[in-house]
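Each remark here refers to the structure printed beneath this line.
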Amino acid sequence: MDKQRLVLLKNVCKEFDGVEVLSNINLYIRKNEFLTLLGPSGCGKTTLLRLLGGFETPTSGDILFDGKSIINTPPYKRQLNTVFQRYALFPHYNVFDNVAFGLKIKKLPKAEIRQKVQDKLKLVGLSDYENRTIDTLSGGQQQRVAIARALVNEPALLLLDEPLGALDLKFRKEMQLELKRMQKQLGITFVYVTHDQEEALSMSDTIAVMDNGRIQQIGTPVMIYNEPINSFVADFIGESNILYGIMKEDYVAHFSGRDFRCLDRGYNNNEPVVVVVRPEDIKLVPPTDNTINGVVTSIVFMGVHYEIRLKGDDGFEWLIQSIHSAEVGSRLGIHLDPDDIHIMDRSQYDTAEYLEIKQ
Amino acid sequence: MNKKKTFALPYVVWMVIFTVVPLLLILFYAFVHRTDTGALVFTTEYIESALSGSSMSVLLLSLEYALITTVLCFLLAYPAALFLWQLKSRIGSIVNLLFMLPMWMNFLLRTYAWRALLDTSGPINRILQLLGFPAQQLLYTEGAVIFGLVYNFLPFMLLPIYTSFTKIDKSYIQAAEDLGANKRQTLIHIIFPLTKSGIITGITMVFMPAVTTFVISRLLGGSQTMMFGDLLENQFMLLKDWNTGSALAVVMMVLMLLSMALVRKSDDGVMPGGM
């Protein structure tokens, strides 16, 4: 444990009317960490954030903050602040009074409040907006006010609930960089909720991928991208070709009707596994006996690369990203190097029932 | 556009016949004197008599009753609306219905019912006597009038306030709590300002009609209490003095417009950030 653990969740469960939305969550958040809770809608990520904020109490389990349980602490006594999904700026206050709210509640001296509010408005680039009313601000400006309003209280922990969801793409990218910069500059721990995997990959120190009320995988962005633990994570983070095969022996996987050399070992011989191949790892070559061959069915130009779909002779529809174009209807082969092939255990996501629901 | 305007025509005709024309007639009667020869002359004598000491004291009493009624209605309605708002929506709408139910009956009927209840031989006094208290004179007192006013006007305070509560986004409350405000601070700094428009509507809907009410004071206050509405009615119905009656009506309308303007101004006047 190199850095101190600021928050610790122990066996946290949450039910609403008997329906379990979070089951057995164990998670720690280090000081100054940028942790992202990533998952599809309904996965429980917002509920987890609301448990931290104090707006819900866990059905069972405990949440420790700086070593002390906070599950019975009301929100207004917690050392944290929240940037709400739709900002929740007070409509009857102007920008200054919105940002000053927390400090006024703490009854700080007027001059100190003014100084701190001005500092934070400068940080978010809204220095000239003090007297503006909320309804005259754009979505992006409101978002900045919401961030300033939370940061001005100098919380140990900042919770952000899909804060960039309402912004357009270009502005979202800008804000991602800015948020990351603020987090580094101020040394505040961030817990960030999003369903946008790109956002999660580019901003986070740690990502917790959630689905079905459980944390499926937790790790650094690189680790999660390169070594997804199951086919859900592989499918949710980036695009993937997910196939079912068996592990013949150490370093030899069998799928698409042939054997491939890979880097994985430690499975039982002939154990059923999931094979994940990232579309950008695939090399298209002239068809030979040693490649998976098929017919190109579609090509879409994506700017940086072409997205090519190839119907393999194995029946699988391959997704390939390549900087080179190809011709629809032409026969090509897929070449895979050993490190392009990722092997993982079969999980509940690979059962017949699950796959049927998905379709 | 023109086609749309024609839809409003029936209402416009209605307004002209039953609001604009009567208003002009009232102004006419209040300021024009018909001499014995039948000539029409402009005069302020009726207005002057309407501003005389005796009618002014009635007006003051009416204002006092209306003010007390408004304050009491607010003190009862605001916590009730807060309570209703926090109920689950299904239970809330049932309780809301219970609050509104009496409104579906004509207020005259309800006021007559209170006459029977407050009577010296009525059920309230009988219960008091059973408990060993002497019979009280409840009817025909100031208290009875104010009680009747509050009883009749309470829904008009409750409904707009409750409506303004239902429009509050719950995330504002959570944001305030998140920023360190406890329940009391959230109520003062967030909930109260956000329900102000409902409060102001409630005040105008209770205060204005309460000033000019006349039946409630007559039924529950008897000859003890004369309100401005009673005075007005007497001028028209008893004394058949339409001129002075109209002058009194003009005084009342001016007063109402002034107080409306005052309420509106206080609404704009309180700028955000007054913490």
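Quick note, the sequences are listed as chains A and B, same order. Here the first sequence stands for residues 0 to 358, numbered as in numbering that gives the first Met the number 0. Here the second sequence stands for residues 0 to 274, numbered as in numbering that gives the first Met the number 0. All C-beta atoms in this analysis are idealised placements derived from N, C-alpha and C, irrespective of residue type, glycine included.
Check: Closest residue to residue 74 (chain A) among B:231, B:178 and B:89 (Cα-Cα distance); Outcome: B:178
Check: Within 7 Å, strictly: CB atoms of residue 240 (chain A) and residue 276 (chain A); Outcome: yes
Check: Within-7 Å CB hit, residue 171 (chain B) to chain A; Outcome: yes
Check: Exposure of residue 248 (chain A), with buried meaning 16 or more beta-carbon neighbours within 10 Å; Outcome: exposed
Check: Residue closest to residue 238 (chain A), alpha-carbon to alpha-carbon, out of A:89, A:258 and A:308; Outcome: A:308
Check: Under 8 Å from the C-beta of residue 105 (chain A): neighbouring residues of chain B; Outcome: 179
Check: Within chain A, the residues that residue 193 (chain B) reaches when beta carbons sit closer than 9 Å; Outcome: 89, 90 and 91
Check: First through last residue of the alpha helix (DSSP H) which encompasses residue 52 (chain A); Outcome: 44–52
Check: Neighbourhood of residue 206 (chain A) by C-beta distance below 6 Å, restricted to the same chain and skipping five residues each side; Outcome: 35, 37, 199, 220 and 223
Check: 4-residue-minimum alpha helix (DSSP H) runs that sit fully inside the segment 310–338 of chain A, ordered along the chain; Outcome: none
Check: Closest Cα partner of residue 322 (chain A) within the set A:77, A:305 and A:101; Outcome: A:305
Check: First through last residue of the beta strand (DSSP E) which encompasses residue 9 (chain A); Outcome: 4–15
Check: Contact set between the segment 63–88 of chain A and chain D, restricted to residues whose Cβ is under 9 Å from the partner; Outcome: Considering every chain present, this structure includes no chain D. Its protein chains are A and B.
Check: Cβ distance (whole Å) where residue 224 (chain B) is taken to contact residue 144 (chain B) below 8 Å; Outcome: 5 Å
Check: Secondary structure, alpha helix (DSSP H): runs of 4+ residues fully inside the segment 67–155 of chain B; Outcome: 88–99, 106–117 and 122–129
Check: Residues that DSSP places opposite residue 161 (chain B) in a beta bridge; Outcome: Note: residue 161 (chain B) sits in no beta bridge, so no partner.
Check: Pair within 7 Å by beta-carbon distance, residue 61 (chain A) and residue 9 (chain A); Outcome: yes
Check: Coarse secondary structure for residue 30 (chain B), derived from DSSP in three states; Outcome: helix
Check: 7 Å Cβ cut-off: residues of chain A touching residue 189 (chain B); Outcome: 89
Check: Proximal chain A residues relative to residue 184 (chain B), where beta-carbon distance stays under 7 Å; Outcome: 104
Check: Residues, ordered as in the chain, of the segment 34–68 of chain B that lie near chain A by beta-carbon distance below 9 Å; Outcome: none
Check: Interface partners of residue 80 (chain B) on chain A, CB under 8 Å; Outcome: Under the 8 Å cutoff, chain A gives no residues; its nearest Cβ is about 18 Å from residue 80 (chain B).
Check: Residue 69 (chain B) versus B:99, B:204 and B:235, residue with shortest Cα-Cα distance; Outcome: B:204
Check: Cβ-based contacts, 9 Å cut-off: residues of the segment 135–150 of chain B near chain A; Outcome: none
Check: Distance between residue 217 (chain B) and residue 120 (chain B) (C-alpha atoms, nearest Å); Outcome: 20 Å
Check: For residue 305 (chain A), the residue or residues it bridges with in DSSP; Outcome: A:300 and A:321
Check: Rounded C-alpha distance that separates residue 241 (chain B) from residue 221 (chain B); Outcome: 24 Å
Check: Residue 109 (chain A): first and last residue of the uninterrupted alpha helix (DSSP H) it sits in; Outcome: 109–122
Check: Within-7 Å CB hit, residue 17 (chain A) to chain B; Outcome: no
Check: Residue 215 (chain B): first and last residue of the uninterrupted alpha helix (DSSP H) it sits in; Outcome: 214–220
Check: 7 Å Cβ cutoff met for residue 133 (chain A) and residue 162 (chain A); Outcome: no
Check: Whole runs of the beta strand (DSSP E) within the segment 153–187 of chain A, excluding any shorter than 3 residues; Outcome: 156–160
Check: 6 Å CB neighbourhood of residue 163 (chain B) in its chain, flanking five on each side removed; Outcome: 194, 196 and 197
Check: Against chain B: residues of the segment 29–58 of chain A by CB proximity under 8 Å; Outcome: 52, 53 and 54
Check: Cβ-based neighbour list, residue 31 (chain B), same chain, cut-off 6 Å, excluding 5 preceding and 5 following; Outcome: 39
Check: Endpoints, beta strand (DSSP E) assigned at residue 206 (chain B); Outcome: No beta strand (DSSP E) holds residue 206 (chain B); the alpha helix (DSSP H) holding it covers 195–211.
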